[in-house]
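A.B. asks: Let me begin by handing over the structure; questions about it come next.
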Amino acid sequence: MSALTAMRSRRFLTTSWPWRSLAFLVTSVPLIVVTAVPLGLFAAPWIILIRRLTTGRTDALEALLLLIAGAILLVGLGPYVAWPLARLEQRRLRIADSRLLRLSPSRWRRFAYAVLLVTAVPVVYGVLAVIEILVVVLALSPLLVDDGPISFAVLTIASPGQAVPYAIVGVVALVAMPYLIVATAGAHAAAARALLHTGSGEELRAELVEVSQSRARLADAFEAERRRIERDLHDGAQQKLVGLTLQLGLAQLDLPDDSPASGPVATAHKQAKELMEELRELIHGIRPQVLTDLGLPAALRDLAGQAPIPVQVHAELPSRPPEHVEATAYFVVAEALANVAKHSGATTAVVEARESKGRLIVEVRDDGRGGADPDRGTGLTGLADRAAVAEGRMLLASPPGGPTKVRVELPWTS
Numbered sequence: 110m111s112a113l114t115a116m117r118s119r120r121f122l123t124t125s126w127p128w129r130s131l132a133f134l135v136t137s138v139p140l141i142v143v144t145a146v147p148l149g150l151f152a153a154p155w156i157i158l159i160r161r162l163t164t165g166r167t168d169a170l171e172a173l174l175l176l177i178a179g180a181i182l183l184v185g186l187g188p189y190v191a192w193p194l195a196r197l198e199q200r201r202l203r204i205a206d207s208r209l210l211r212l213s214p215s216r217w218r219r220f221a222y223a224v225l226l227v228t229a230v231p232v233v234y235g236v237l238a239v240i241e242i243l244v245v246v247l248a249l250s251p252l253l254v255d256d257g258p259i260s261f262a263v264l265t266i267a268s269p270g271q272a273v274p275y276a277i278v279g280v281v282a283l284v285a286m287p288y289l290i291v292a293t294a295g296a297h298a299a300a301a302r303a304l305l306h307t308g309s310g311e312e313l314r315a316e317l318v319e320v321s322q323s324r325a326r327l328a329d330a331f332e333a334e335r336r337r338i339e340r341d342l343h344d345g346a347q348q349k350l351v352g353l354t355l356q357l358g359l360a361q362l363d364l365p366d367d368s369p370a371s372g373p374v375a376t377a378h379k380q381a382k383e384l385m386e387e388l389r390e391l392i393h394g395i396r397p398q399v400l401t402d403l404g405l406p407a408a409l410r411d412l413a414g415q416a417p418i419p420v421q422v423h424a425e426l427p428s429r430p431p432e433h434v435e436a437t438a439y440f441v442v443a444e445a446l447a448n449v450a451k452h453s454g455a456t457t458a459v460v461e462a463r464e465s466k467g468r469l470i471v472e473v474r475d476d477g478r479g480g481a482d483p484d485r486g487t488g489l490t491g492l493a494d495r496a497a498v499a500e501g502r503m504l505l506a507s508p509p510g511g512p513t514k515v516r517v518e519l520p521w522t523s
């Protein structure tokens, strides 16, 4: 959350945001001074040039040399001042904007923020200070007028009676001052974020962290696991389920139709046969029937219908992808939705599947708390490994506070 978004809350004045914004403004002042000193020294040739031009005591050659000297100093040394400033602002901006700030690698964007900090920001802060002083003087004008008339640019208050209306305006304005303070701090933080945060292309590379593992190792692991599951299900669970189904069938034949146990036994027999069919499907490839019969879009909608939270599905594909690509995409979405339900605290999710430039793009987005980290568990790494086996890749964007986006790109080839 940022200071600007906090202003929308009805309980804004009772939150910590007015005080946080005031702290942000106050701590900006020494930062402006510290930054202005070296930048002012680098710009000294330009300052001299301006003074010479205003007095008319310079020639064209001297003006050109001063102009070039100032440009060399600012462009050459300014970024070295901007870098520690950007690192400091990355931490300090959390006061007015709790969202994670990933610094842009562009030194010119950092330098642009440093210039903004020592030029436009002091002007805005100065206007805010003048307004605050004016509001305080108006609010206290009945008391201050005893020491003599109070004169502003367009009005003069000469008596306590004349000061009362202005005092009322000042008191009302005092109530609105927290909003002005937060708006100023929020605007400063927004400008800093716009310049210091990674850009659209950079953000994709920085926040969509590619999680990749050894393809050969995982291919062997998946194949070994598949063989083990098939063997265990065929030799163990399937044989026991067949025996249970036969026993329930025999019991159903022995029970009279009007027996109280006839109905439950018949239901159990039917469920056992259905379970045996499902188990047979698992043994023969561990692939859901809806995916085989109707394709990926229908299978994704079926997954969404089973999710514990509302899930929107946008899947319009020009044709059916290869079988192994469909299966990989399906199981990645299934695992991603399971992670959303277990860990994210999300209330909604969106699944999107599309074809783009010969690749199947599948994305799962949620509005949860974010902060997903492949290093804290094997789930996300397993998804990346499954995508890598299909010669694809998985990308993850999950800043603290959300949202989280899992993106899988798979080659649309046979």
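In terms of this note's numbering, the sequence shown opens at residue 110 and continues consecutively.
All C-beta atoms, glycine included, are put in the ideal place defined by N, C-alpha and C.
(1) On the DSSP letters alone, give me the boundaries of the alpha helix (DSSP H) that R525 sits inside.
(2) Assuming L519 contacts G501 (C-beta within less than 8 Å), just tell me the rounded distance between them.
(3) Looking at C-alpha atoms only, which residue of V273, Q398, M286, R516 is the closest neighbour of A438?
(4) Using alpha carbons as the reference points, say which of K382, E383, A360 lies closest to G372.
(5) So, for A272: in the same chain, excluding its five sequence neighbours on each side, which residues have a beta-carbon less than 7 Å away from its beta-carbon?
(6) Give me the Cα-Cα distance between A416 and L446, rounded to the nearest whole angstrom.
(7) Could you give the distance in angstroms between the alpha-carbon of V184 and the alpha-carbon of I418?
(8) Does S465 come out as helix, strand or coil in the three-state DSSP assignment?
(9) Using the rule of at least 16 other Cβ atoms within 10 Å of the residue's Cβ for burial, across every protein chain shown, is K514 buried or exposed?
(10) Going by DSSP, name the residue or residues bridged to A516.
(11) Quick check on D482: does DSSP put it in helix, strand or coil?
(12) Rounded to whole angstroms, what is the Cα-Cα separation between G510 and A481?
(13) What is the rounded straight-line gap between the Cα of S453 and the Cα of L505?
(14) Just reading off the beta strand (DSSP E) that H423 is part of, what are its end residues?
(15) Distance, Cα to Cα, M385 vs D341?
(16) Between the C-alpha atoms of I259 and V280, what's the straight-line distance to the nearest angstrom?
(17) What would DSSP say about A370, mapped onto helix, strand or coil?
(18) Counting C-beta neighbours from all protein chains within 10 Å, is the total for D367 16 or more, i.e. buried, or is it exposed?
(19) Where do the ends of the alpha helix (DSSP H) carrying R218 lie?
(20) Please classify A455: does DSSP put it in a helix, a strand, or coil?
(21) Please return the same chain residues whose Cβ sits closer than 6 Å to the Cβ of T487, not counting the five positions on each side in sequence.
(22) Spatial neighbours of V146 within its chain, please: CB distance less than 6 Å, with the 5 preceding and 5 following residues excluded, ordered by chain position.
(23) Which value, in whole angstroms, describes the spacing of the CA atoms of T114 and A299?
(24) Say whether the segment 280-293 touches the segment 170-190, bearing in mind that this needs 3 or more beta-carbon pairs closer than 8 Å, one atom from each stretch.
(25) So, under 8 Å CB-CB, Y222 and L304 are touching, yes? Tell me the CB distance rounded to an integer number of Å.
(26) Here's the rule: buried if 16 or more other CB atoms are within 10 angstroms of the residue's CB, otherwise exposed. What is M503?
(27) Can you tell me where the alpha helix (DSSP H) with D206 in it begins and where it stops?
(28) Whose CA, out of P369, P269, A276, lies closest to the CA of K243?
(29) Please report how far the alpha carbon of T164 lies from the alpha carbon of A229, in whole angstroms.
(30) Roughly how far, in whole angstroms, is the beta-carbon of I141 from the beta-carbon of P231, given that I think they are within contact range, below 8 Å?
(31) Determine the DSSP secondary structure at L264, reduced to helix, strand or coil.
(32) Terminal residues of the continuous alpha helix (DSSP H) containing S130?
C.D. replies: Working from what's here:
(1) Since the first residue shown for the chain is 110 and the last is 523, residue 525 is missing from the structure and cannot be characterised.
(2) Numbered from 1 along the sequence shown, position 410 holds the residue referred to as residue 519. Numbered from 1 along the sequence shown, position 392 holds the residue referred to as residue 501. Contact between L519 and G501 holds: CB atoms are separated by about 4 Å, below the 8 Å threshold.
(3) Reading the sequence shown from its first residue, position 329 is the one you call residue 438. Of the residues V273, Q398, M286, R516, the one whose Cα lies closest to the Cα of A438 is R516.
(4) On the sequence shown, position 263 is the one that residue 372 refers to. Each of K382, E383, A360 was checked against the Cα of G372, and the nearest Cα belongs to A360.
(5) Residue mapping note: residue 272 aligns to position 163 of the sequence shown, counting from 1. Setting aside the 5 residues that flank it on each side, A272 is surrounded in the same chain by S250, P251, V254, I266, each with a C-beta closer than 7 Å to its C-beta; the list follows chain order.
(6) The residue given as residue 416 occupies position 307 in the sequence shown. The residue given as residue 446 occupies position 337 in the sequence shown. Between A416 and L446, the C-alpha separation is close to 7 Å.
(7) One-based indexing of the sequence shown puts residue 184 at position 75. One-based indexing of the sequence shown puts residue 418 at position 309. Approximately 53 Å between the Cα atoms of the pair.
(8) Taking the first residue of the sequence shown as position 1, residue 465 is located at position 356. Reduced to three states, the DSSP call for S465 is strand.
(9) For this step, residue 514 is matched to residue 405 along the sequence shown. Per the 10 Å Cβ criterion, buried.
(10) Stepping through the sequence shown from its first residue, residue 516 is reached at position 407. Note that residue 516 corresponds to Arg in the displayed sequence, not to Ala. Paired residues: E472, L504.
(11) On the sequence shown, position 373 is the one that residue 482 refers to. DSSP places D482 in coil when its eight states are reduced to three.
(12) Indexing the sequence shown from 1 puts residue 510 at position 401. Indexing the sequence shown from 1 puts residue 481 at position 372. For G510 and A481, the distance between alpha carbons rounds to 10 Å.
(13) As a position in the sequence shown, residue 453 is number 344, starting the count at 1. As a position in the sequence shown, residue 505 is number 396, starting the count at 1. The straight-line gap separating the alpha-carbon atoms of S453 and L505 is approximately 14 Å.
(14) Locating residue 423 in the sequence shown gives position 314, where the first residue counts as 1. H423 -> beta strand (DSSP E) spans 420-424.
(15) In the sequence shown, residue 385 corresponds to position 276, counting from 1. In the sequence shown, residue 341 corresponds to position 232, counting from 1. Looking at the two C-alpha atoms, the distance is approximately 14 Å.
(16) Translated into positions along the sequence shown, residue 259 becomes position 150. Translated into positions along the sequence shown, residue 280 becomes position 171. So the two alpha carbons sit approximately 17 Å from each other.
(17) The residue given as residue 370 occupies position 261 in the sequence shown. Coil at A370, not helix or strand.
(18) Within the sequence shown, residue 367 is the residue found at index 258, counting from 1. It is exposed - the Cβ of D367 has fewer than 16 other Cβ atoms within 10 Å.
(19) To locate residue 218, count along the sequence shown from 1; it is residue 109. Note, R218: alpha helix (DSSP H), 216-248.
(20) Here residue 455 refers to the residue found at position 346 when the sequence shown is read from its first residue. Coil at A455, not helix or strand.
(21) For the purposes of this step, residue 487 is taken as the residue at position 378 of the sequence shown. At T487, the pLDDT of 48 sits below 50, so the modelled position is not reliable; the number obtained from the coordinates is stated separately. The beta carbon of T487 lies closer than 6 Å to none in the same chain, with the five residues before and after it left out.
(22) Position 37 of the sequence shown, counting from 1, holds the residue named residue 146. Around V146: no qualifying Cβ.
(23) Within the sequence shown, residue 114 is the residue found at index 5, counting from 1. Within the sequence shown, residue 299 is the residue found at index 190, counting from 1. Cα to Cα, T114 sits roughly 11 Å from A299.
(24) Fewer than three Cβ pairs drawn from the segment 280-293 and the segment 170-190 lie within less than 8 Å of each other, which leaves the two stretches out of contact.
(25) Locating residue 222 in the sequence shown gives position 113, where the first residue counts as 1. Locating residue 304 in the sequence shown gives position 195, where the first residue counts as 1. Yes, they are in contact, since the Cβ atoms of Y222 and L304 sit about 4 Å apart, within 8 Å.
(26) For this step, residue 503 is matched to residue 394 along the sequence shown. Counting the other Cβ atoms within 10 Å of the Cβ of M503 gives 16 or more, which makes it buried.
(27) Walking along the sequence shown from the start, residue 206 turns up at place 97. If you look at D206, you'll find it isn't in any alpha helix (DSSP H); DSSP assigns it neither H nor E.
(28) Residue 243 sits at position 134 when you count from the first residue of the sequence shown. Before going further, note that residue 243 is Leu rather than Lys in the sequence given. From the listed residues P369, P269, A276, the smallest Cα separation to L243 is found for A276.
(29) In the sequence shown, the residue the question calls residue 164 occupies position 55. In the sequence shown, the residue the question calls residue 229 occupies position 120. Distance between the alpha carbons of T164 and A229: 26 Å.
(30) One-based indexing of the sequence shown puts residue 141 at position 32. One-based indexing of the sequence shown puts residue 231 at position 122. Between P231 and I141 the Cβ distance is about 6 Å, and since that is below 8 Å, they are a contact.
(31) Locating residue 264 in the sequence shown gives position 155, counting from the first residue. Assigned with DSSP and collapsed to three states, L264 falls in coil, not helix or strand.
(32) The residue given as residue 130 occupies position 21 in the sequence shown. Secondary structure note for S130: its alpha helix (DSSP H) is the uninterrupted segment 126-151.
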